Structures are given as structure tokens and as C-alpha cells.
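Since the structure comes first, as C-alpha cells, the remarks are kept for the end.
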Amino acid sequence: SSSSDSSSPPCRCSNGGVRSINASVYCRVESYEVGQKKCISDVRRTFCLFVTFDLLFITMLWIIELNVVNGGIQQQLEKEVLHYDYHASFFDIFLLAVFRFASLILAYAVCKLRHWWAIAITTALCCAFLIIKVILSKAADSGAFGYLLPIISFVLAWIETWLLDFKVLPQENEDESRCLSFMEQAARAPLLCAGPVSDGQFYSPPESVADSDEEPDDKQDPGRGLI
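Residue numbers (the working numbering): 65 to 291.
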């Protein structure tokens, strides 16, 4: 009837709108899940590349320092490695770069940690070692590389700390929270767009012919059963 149609609440969105909302939400969730299936996220991979660059750059500077000093690279290797002297050798700065590389790659590429404690420990140890090295070493005897290697190693360690703490971890947390919000929207979308139930969805089964034939006979001749 017209009164029942006017009293029923209107549908808040059409079926096409429901499909479009659900499709967009599901596509976003699926795109995030595909990204999570990767071995490592893009921003974390950039961090690991920078850690690798740190090791290669310090190694290159150390090799240049070996070539600059008179005597050749082989003689300088024997002097700095086999006859290691804390005050004059820069082999320990190379080993410090190797330690930093191995620790950070193991923590954030292999174990995929999502906390800053690993890089905090490595940066603190590297900074303490470099500061003591600059104070006690004979940097003036090695020329410009006596100051260049400790300073660059110090700066790279802090750049890695800044990159992880302000870029990698916040970006991954933001991506995770965005995925959770998309999943909540996908769960709420069918409920928000559910329309009223129409009268046509309910029907009563038709009466059988046997029942319709017997009931009028019983009503027309109520005393037949008494004869």
C-alpha cells in the first residue's frame, strides 16, 4: 500500500554505489597486502642501500689513504694491519664500518626489526670509539685523511640513525595503520549501505487444491459427520 511505502526508510546508497565503494576499499587493501608480501619495504631497502654505501665509501677512503702514503699499498697494509697501532693506523675505522654494516643489515634486513634500539647501540659505540680515536691518535702525521676518515664515519653513522628513526619506522607504521583503516571501511561498507527489505521479498505459499476442496464441504454440511 502507499502508506507502507511512505513509512519505509529510503535506501542510503544504490547497489552500484555499494559495489564501487567495496571495490575501491578492497583494491587498496589488496595493494597493501601485495606490498607486504615483498621481502622488504621500499623505504627499508633504501636504508639498507645507504648502509652498504657507508661500508663501500669508508673502504674506498681507507684504500686511498693507503696509496697516498709513501711506500705503496702493500707496505702500508702490513704496517696498519699486521703491525696495528691504535694511534697511527686507520684499519680500526674500516673494521668499525664493517661492524656497523653487519649489525644493521642483520637487524633491519634479515631480522626486520621495527625498533630503534639496534641502531642506537651501534651509533653510540661508533661515536664513542671515534671520539677517543681522534683524541688519542696522531692525525696530523697522516695528513688530511687523518681527519677525513673519522669525521665521515661519524657523519654517516648519524645519517643512518636519522634515516631509520624519521623515515623508515614512521613510514611503515603509517602504512600499517592505513591498511587497518581500509579493512575497517571494508567491513562497515555493506552495513552502511544496506537498504530496507521490500515487501516483494516475502511471499506466502499457495493453498493446496485438496485443502481448498475439503474446507468448503465441511463448512457447507456440518452435520454430515453425525449421520
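Even for Gly, the Cβ is constructed at its ideal location relative to N, Cα and C. In this text the structure is predicted, and so the values were computed from the model without any measurement.
Ordered along the chain, which non-local residues of its own chain (more than five positions away) have a Cβ less than 8 Å from that of residue i?
i    : result
I216 : F121, I122 and L125
S245 : none
F266 : Because the pLDDT of F266 is 48, which lies under 50, any placement of that residue in the model is unreliable, and the number read from its coordinates should be weighed accordingly. So the list is empty, once near-sequence residues are dropped.
At the level of alpha carbons, what is the spacing between residue i and residue j?
i    : j    : result
E129 : A221 : 20 Å
C112 : A192 : 23 Å
I157 : C103 : 31 Å
N41  : L194 : The shown model of the chain, from 65 to 291, leaves out residue 41, and the question about it has no answer.
L177 : Q139 : 42 Å
E306 : I127 : Only positions 65 to 291 of the chain appear in the structure, and residue 306 is not among them; the question remains open.
N134 : P214 : 21 Å
I196 : C190 : 10 Å
F218 : A251 : 49 Å
R242 : A188 : 33 Å
E142 : L212 : 22 Å
Quick check on this structure: which residue in the options has the alpha carbon closest to the alpha carbon of residue i?
i    : options                   : result
S105 : Y172, A161, S167 and F158 : Y172
K231 : Y150, I127, H179 and L146 : H179
D229 : W181, I199 and S245       : W181
T186 : V198, L170 and A203       : L170
I199 : Y150, F114 and L141       : Y150
DSSP on residue i, reduced to helix/strand/coil?
i    : result
C243 : helix
F266 : With a pLDDT of only 48 at F266, under 50, the local geometry of the prediction cannot be trusted, and no value is derived from it.
T187 : helix
V198 : helix
D149 : coil
W226 : helix
F154 : coil
N134 : coil
C112 : helix
S206 : helix
W126 : helix
K176 : coil
S296 : Since the first and last residues shown for the chain are 65 and 291, residue 296 lies out of range.
S167 : helix
Sorted by chain position, which residues of the same chain lie with C-beta nearer than 7 Å to residue i's C-beta, five sequence neighbours on each side aside?
i    : result
D118 : A161, R164, F165, L220 and E224
N131 : I137
I155 : According to the sequence as given, residue 155 is Phe; it is not Ile. Correct list, in chain order: E144, V145 and Y148.
F114 : E224 and L227
Measure the Cβ-Cβ separation of residue i and residue j and say whether it is below 9 Å.
i    : j    : result
I183 : L159 : no
G210 : S201 : yes
T110 : L227 : yes
A152 : D205 : yes
Leaving out five residues before and five after residue i in sequence, what residues of the same chain have Cβ atoms less than 6 Å from its Cβ?
i    : result
C175 : none
S108 : In the sequence as displayed, the identity of residue 108 is Arg instead of Ser. V232, listed in sequence order.
Q235 : V107
A203 : G210 and Y211
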